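Engineer: Numbering that gives the first Met the number 0 applies: residue 0 is where the sequence shown begins, and numbers increase by one. Every residue, glycine too, gets a C-beta built ideally from N, C-alpha and C. Note that the structure is predicted; figures quoted are calculated from it, not measured. I'd like to ask you about the structure that follows.
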Amino acid sequence: MGWGTVSLLWLYIALVRDQFEITHALINYVLDVSICIALTHAYRALALKANWNQLEIKGLIRKVIPSILILSVLFMLIMNLKTSAYIYLVLDRDTFMENLSVWNPVLITGLRHMAIWVLAYHAYHFYVKEVNTAKANAQLSVIAKQSQLDNLSAQLNPHFLFNSLNSIKSLIIENPSIARRAIDLLSDLLRSSLYEKEHMTISIAEELALVKDYVELEQLRFEERLHVEFDIYQTLEKFKIPPLSIQLLVENAIKHGVDKQLDGGTVHISLKEQDGFVKIIVKNPGTFSNDGQGGLGLKNLKERLLLQYDGKAKLAIDSTTEQEVVATLLIPTEKAWEPIQH
C-alpha cells in the first residue's frame, strides 16, 4: 500500500507533465510499484536472514547506511532502464546511456524513498521488539511475584500448626476431654487452611468462619480469660481478602495481648468500608512493642500484602492511650471485589 500511494504521484506526473497515454501511464505505475516492492522485499529478506533486527542501534546503522546507498543506485539504474525501454519501444529510440546523464534527480528520489522505507521498517521492528520485551519482563515479574506469594503461603500452615499444637499440648495434661475437642477443631482448621492456601483471596465470610473456629480452639485453653466480640457489616462478607489475614491478627492479639494479661481480656474484631478500603480492625488489651512482636506471621502477611496489592494495602499496629493495641488492615475495595483466583 505504501509504494502504491507513492507511485500515484509518479502516475500523476506521467499523465500531466509527461503527457503519457493513459494505458502507458498505468503500465508505468504498475512497473514503479513492482520495482519498489522487489527492491524492498529483497532488503527485507536479507535483513531477516542476517538477523539485523536483533542488532544494537550502532551495529544496525553500519548495515543500514550502505544498504540505502545500494538500494538507491539500483533504483536509479532500474528506473532509467525502464524509461529507456519505454522510449525504445514506443518512440523507437535507444536512450539508455543518455538517461544515465540524468542520474542525479532519480538517485535523490531513490535515496529519499529508500531511506524512509528502511528506517520505517526497522523502527516498526524495534517497536515490536520493545513491546515483546516489555511483555516478557511483565510475565517474568508476574511469575516471580507468584512464586514469592506461593512461598509465603507455604509458610502459613506450619506456622499456624505450630502455634495451635502448643495450645493443645497444654490442654492434654489439664483436661483431656477438652483436648480431644481441640484436636477436632484443629483438624477442621487445617482442612480449611490447606484448601484456602490454593487461593490468592477468599471471601470475608470464609475467613471469619475460620477465625471463629480458631477462637473456639483458643477459648478451650483460655476458658473465661478470653472473650471475642465481632462487629461486622454483613454487606462486606462477599469482599475478597488474603486467606488467614484476619486469623493472623487475631492470633497475634491473643498471643501478645490476652495471654500476657493476668485476667485475660477481650479481642474486638470490626470490619467496615471506608474511603475506598475494606477496613479491618482487631483490638486487644496490652501495649505494643516493635521488638519482634508478631514474628513470622505478621512479617509474612506484610510481604503478601505488598506483593498482592502493589503497596496499596496497608497494615499498621500501634498502642492507644487506654492500654490497648490496635491492628488495622486496609484492603483496597477495587481489589477486594476481584474473583477468587485458583
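(1) Out of V249, I115, K134, C35, state which residue places its alpha-carbon closest to the alpha-carbon of H226.
(2) If you follow the alpha helix (DSSP H) that E323 is part of, which residue opens it and which one closes it?
(3) From which residue to which residue does the alpha helix (DSSP H) around A252 run?
(4) Where do the N-terminal and C-terminal ends of the alpha helix (DSSP H) with K311 fall, by residue?
(5) Please state if the CB of T200 and the CB of W116 are separated by a distance shorter than 8 Å.
(6) Give me, in chain order, the residues of the same chain whose beta-carbon lies closer than 7 Å to that of L59; leave out the 5 immediate sequence neighbours on both sides.
(7) Within the same chain, show all residues whose beta-carbon is closer than 8 Å to that of D362, passing over the 5 residues directly before and after it, in chain order.
(8) Can you tell me the Cα-Cα spacing of E302 and C35, whole angstroms?
(9) Would you decide whether H341 is buried or exposed? Buried here means 16 or more other CB atoms lie within 10 Å of its CB.
(10) Determine the DSSP secondary structure at Q138, reduced to helix, strand or coil.
(11) Does DSSP put S83 in a helix, a strand or coil?
(12) Alpha carbon to alpha carbon, how far is Q260 from E323?
(13) Could you give the first and the last residue of the continuous beta strand (DSSP E) run that contains Q273?
(14) Give me the residue from R190, N251, V277, P104 with the minimum Cα distance to S288.
Structural biologist: In short:
(1) V249
(2) From DSSP, E323 is part of no alpha helix (DSSP H) but of the beta strand (DSSP E) over 323 to 331.
(3) 244 to 255
(4) Per DSSP, K311 belongs to no alpha helix (DSSP H) and is neither H nor E.
(5) no
(6) W51, H121
(7) Shown here, the chain extends from 0 to 341; a query on residue 362 therefore has no answer.
(8) 59 Å
(9) Low confidence applies here, because H341 scores a pLDDT of 37, under 50, leaving its location unreliable; read the following figure in that light. With fewer than 16 Cβ atoms within 10 Å of its Cβ, H341 is classed as exposed.
(10) helix
(11) helix
(12) 12 Å
(13) 264 to 273
(14) N251
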